[in-house]
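Engineer:
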DNA sequence: AAAATAAGTTAGGTTTACCTAAGTTTAAAA
DNA sequence: TTTTAAACTTAGGTAAACCTAACTTATTTT
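Protein chains in written order, with this note's numbering: chain A, 7 to 132; chain B, 7 to 132.
What follows is the structure, encoded as C-alpha cells:
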C-alpha cells in the first residue's frame, strides 16, 4: 500500500511543507515558482499527492499537508538538513550550491550513509 | 550541441566502460544484467547513445565506446571513485552500499562539491 | 547441415514528469 | 456591478525509461 515516493514527489511535498510553515498554507502559484515549474505540472502533481493522501487539495483552493504528508516531508527535511550541514559547514560549500546539492542527494542517498554522515557532521563540529 | 546526459545515460555509458575494460567490448546481455534491466531497454538506450556519438553500435554486434563516450565515462568514473572513497573509507559504509550510493550521487552532485569532497578525502586519509 | 538455444531486435504499451494553449474560476479594480 | 486581471485547471502533446510478447539473427549442438 505505501508505495515509495519518487524524488519529484518528495520535492513537491517538501515545498508545500516550507510554504505552509511560512504562510499557513501553499498556493499552486508559489509551489510552481519555488520549484521553477509551470502551474499545470503542479496541479497534476497535487492530484497525485492527494490520491496518496499526502495533501489536502481541492481545485481552486489553498493547499495543506495531511498528517501523513507532514510526517514524510519532515523526514525529507531532516535528510536535507544533514546534507546541507555537511556540505556547507564541513566542506565549506556556498549556501546556494549546498542547498541545491542537498536537494538532489537527499532523494537518493541510503539511510545508512545518511546516519553515518550525521554522526560524522556532529562530531566534526564540536 | 552538447546536450547534457541524463543520469541513466551516464550509467549506461559507465557500464559499457567497465565491460569494455574487462572484455574488450560489451554485449547487450551483459549491460542488461549489470544494470538489472531488460534487453530491449538496453537496445533502445544504445540507439540513443549512438545517435549522440558516444558508442559504436550496430545491431547484433558487440559494443564499444567512441572517444567521446570514453572521455565522458571516465569523468563519471572519477566522480564515482571519489564518492565511493568518501563513503567507504571515510564514513566506513559497507562496500555494497557505498557502491550503490556513489552510483546515484555521482549523477547529481555539483562539480564544486565534488572537488571539495575530493580534497577532503585526500587530506583525511593521510 | 538441421535443429535447438541463446542473443538481440521490433512493436506496442505504460508511467512519470514535464510543456503550451486555451478555457474557467476567483479576486480585485474601476 | 461590470470588467479586468490573476490564479488555476483542462486538454492534448512530448520525451525519458522502462516493460512484455513476438519475431529475427547468430551460435551451438547433435
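The beta-carbon is built from N, C-alpha and C at its ideal position, and this holds for glycine as well. Nothing here was measured: the structure is a model prediction, and the numbers come from that model.
Over the uninterrupted alpha helix (DSSP H) stretch that includes residue 20 of chain A, give me the two end residues.
Structural biologist: Residues 13-29.
Engineer: Name the chain B residues that come within less than 9 Å of residue 105 of chain A, Cβ to Cβ?
Structural biologist: Correct list: empty, because the minimum Cβ distance to chain B is about 11 Å.
Engineer: Determine, using beta carbons only, whether residue 147 of chain A comes closer than 8 Å to chain B.
Structural biologist: This structure gives no information on residue 147 of chain A, because the portion of chain A shown stretches from 7 to 132.
Engineer: Measuring alpha carbon to alpha carbon, tell me which residue in A:101, A:87, A:12 and A:69 is nearest residue 27 of chain A.
Structural biologist: For residue 27 of chain A, the nearest C-alpha among the options comes from A:69.
Engineer: Do residue 22 of chain B and residue 37 of chain B have their C-beta atoms closer together than 8 Å?
Structural biologist: Cβ distance < 8 Å, so residue 22 of chain B and residue 37 of chain B count as in contact.
Engineer: Enumerate in chain order the residues of its own chain whose CB-to-CB distance from residue 103 of chain B is below 8 Å, with the five nearest sequence positions on each side excluded.
Structural biologist: So the list reads 93, once near-sequence residues are dropped.
Engineer: Closest to residue 119 of chain B by CA distance: which of A:118, A:130 and A:91 is it?
Structural biologist: The shortest Cα separation from residue 119 of chain B among A:118, A:130 and A:91 belongs to A:91.
Engineer: What residues match up with residue 62 of chain A in a beta bridge as DSSP calls it?
Structural biologist: Paired residue(s): A:70.
Engineer: In whole angstroms, what separates the C-alpha of residue 17 of chain A from that of residue 89 of chain A?
Structural biologist: The alpha-carbon atoms of residue 17 of chain A and residue 89 of chain A are separated by roughly 15 Å.
Engineer: So if I threshold CB-CB distances at 9 Å, which residues from the region 82-94 of chain B count as touching chain A?
Structural biologist: Cβ contacts with chain A: 93.
Engineer: Can you check which of these residues, A:62, A:109, A:39 and A:124, is closest to residue 76 of chain A by C-alpha distance?
Structural biologist: Ranking the options by Cα distance to residue 76 of chain A, first place goes to A:62.
Engineer: To the nearest angstrom, how far is the alpha carbon of residue 83 of chain A from that of residue 54 of chain B?
Structural biologist: Cα to Cα, the separation comes out at about 36 Å.
Engineer: Taking its Cβ as the centre, do 16 or more other Cβ atoms sit within 10 Å of residue 50 of chain A, making it buried, or is it exposed?
Structural biologist: Per the 10 Å Cβ criterion, exposed.
Engineer: Beta carbon of residue 119 of chain B: closer than 7 Å to some heavy atom of the ligand GTP?
Structural biologist: Here there are no bound small molecules, and the ligand GTP is not part of this structure.
Engineer: Keeping to the same chain, check which residues put their C-beta closer than 8 Å to that of residue 33 of chain A; ignore five residues upstream and five downstream.
Structural biologist: Result list for residue 33 of chain A: 25, 68 and 69, in chain order.
Engineer: Closer than 9 Å by beta-carbon distance: list the chain A residues that pair up with residue 98 of chain B, in chain order.
Structural biologist: Those are 122, listed as they occur along chain A.
Engineer: Would you say residue 10 of chain A lies against chain B (beta-carbon separation less than 8 Å)?
Structural biologist: Answer no: the Cβ-Cβ gap between residue 10 of chain A and chain B never drops below 8 Å.
Engineer: Opposite residue 32 of chain A in the DSSP bridges: which residues?
Structural biologist: BP columns for residue 32 of chain A point to A:69.
Engineer: According to the Cβ coordinates, are residue 122 of chain B and residue 98 of chain A closer than 8 Å?
Structural biologist: Cβ distance < 8 Å, so residue 122 of chain B and residue 98 of chain A count as in contact.
Engineer: Got a sec? Which residues, its chain only, sit under 7 Å from residue 127 of chain A by beta carbon, not counting five neighbours each side?
Structural biologist: Closer than 7 Å at the Cβ level, and outside the excluded window around residue 127 of chain A, lie 88, 91, 92 and 96.
Engineer: Compare the Cα-Cα distances from residue 57 of chain A to each of A:111, A:14 and A:72 and report the closest residue.
Structural biologist: If we check each option's Cα against that of residue 57 of chain A, A:72 comes out closest.
Engineer: Give a yes or no on whether the minimum CB-CB distance between residue 126 of chain B and chain A is below 8 Å.
Structural biologist: Yes, because at least one Cβ of chain A sits closer than 8 Å to the Cβ of residue 126 of chain B.
Engineer: From what residue to what residue does the alpha helix (DSSP H) around residue 130 of chain B run?
Structural biologist: 117-130 is the extent of the alpha helix (DSSP H) around residue 130 of chain B.
Engineer: For the alpha helix (DSSP H) that residue 111 of chain A lies in, which residues bound it at each end?
Structural biologist: That run of the alpha helix (DSSP H) goes 101-111.
Engineer: From the beta carbon of residue 130 of chain B, is the nearest beta carbon of chain A less than 8 Å away?
Structural biologist: No, its Cβ sits nowhere closer than 8 Å to a Cβ of chain A.
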